[in-house]
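Okay, so here's the structure we're looking at.
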Amino acid sequence: MNTNNKKISNDVMVEVVPEYISPERVQGDSRNFFAYTVTLTNLGQKQVQLLSRHWIIINADGIREEVRGDGVVGFTPKLLPGQSFTYTSNCPMDTEWGTMEGEYTFITDEGVFFQVEIPRFYLVVPTLLSGQ
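Using the numbering used here, read the sequence shown as starting at 21 and increasing by one per residue.
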């Protein structure tokens, strides 16, 4: 299992930290819930702005779902050189594990669009890893 949830593409570093949310914290829903915290860091020399996201989510049964949308958690952050933006979101999963990956679309001040890869990361119920 890949535990390096960090990727640099087009001078933007994406780092993802997934976390299982216990069922007690999500009342009345039998699905497994996972949070993931993403930090985006502009390693380039110019300001960039995140415009949209494209997620590919695959559960343990191989069912694939694609999610596209503007910005992240209601924001389209502008990142100056060296600046970071961190956000947390969540993903429900019908199975005990799955993966997420995808890409962000950014734009430069000059109006040039470019893609930034989101590395694949795993969402796993902790008891599955411990063998319980």
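Here a beta-carbon is modelled for each residue, glycine too, at the ideal position from N, C-alpha and C.
For residue 101, which three-state DSSP category applies? coil
Do the segment 125–134 and the segment 58–70 touch if we need at least three Cβ pairs shorter than 8 Å? yes
By a C-beta neighbour count over all protein chains shown, 10 Å radius and 16 as the cutoff for buried, is residue 73 buried or exposed? buried
Selection from 80, 100, 94, 76 that minimises the alpha carbon distance to residue 86: 76
Ignore the nearest five residues each way along the sequence and tell me which others in residue 103's own chain have a CB closer than 8 Å to its CB. 61, 62
Where residue 21 and residue 50 are concerned, what is the direct C-alpha to C-alpha distance, given to the nearest angstrom? The predicted model places residue 21 with a pLDDT of 47, which falls under 50 and marks its position as unreliable, so this point remains unresolved.
Whose C-alpha, out of 108, 116, 134, is nearest the C-alpha of residue 146? 116
What are the partner residues of residue 55, as DSSP defines its beta bridges? 39, 110
Report all residues from its chain with a CB closer than 8 Å to the CB of residue 56; omit the five preceding and five following residues, and keep chain order. 36, 37, 38, 39, 108, 109, 110, 111, 120, 141, 143
Excluding five sequence neighbours on each side, which residues of the same chain lie with their C-beta closer than 8 Å to the C-beta of residue 139? 22, 24, 25, 26, 27, 34, 36, 121
Please state if the CB of residue 135 and the CB of residue 101 are separated by a distance shorter than 8 Å. no
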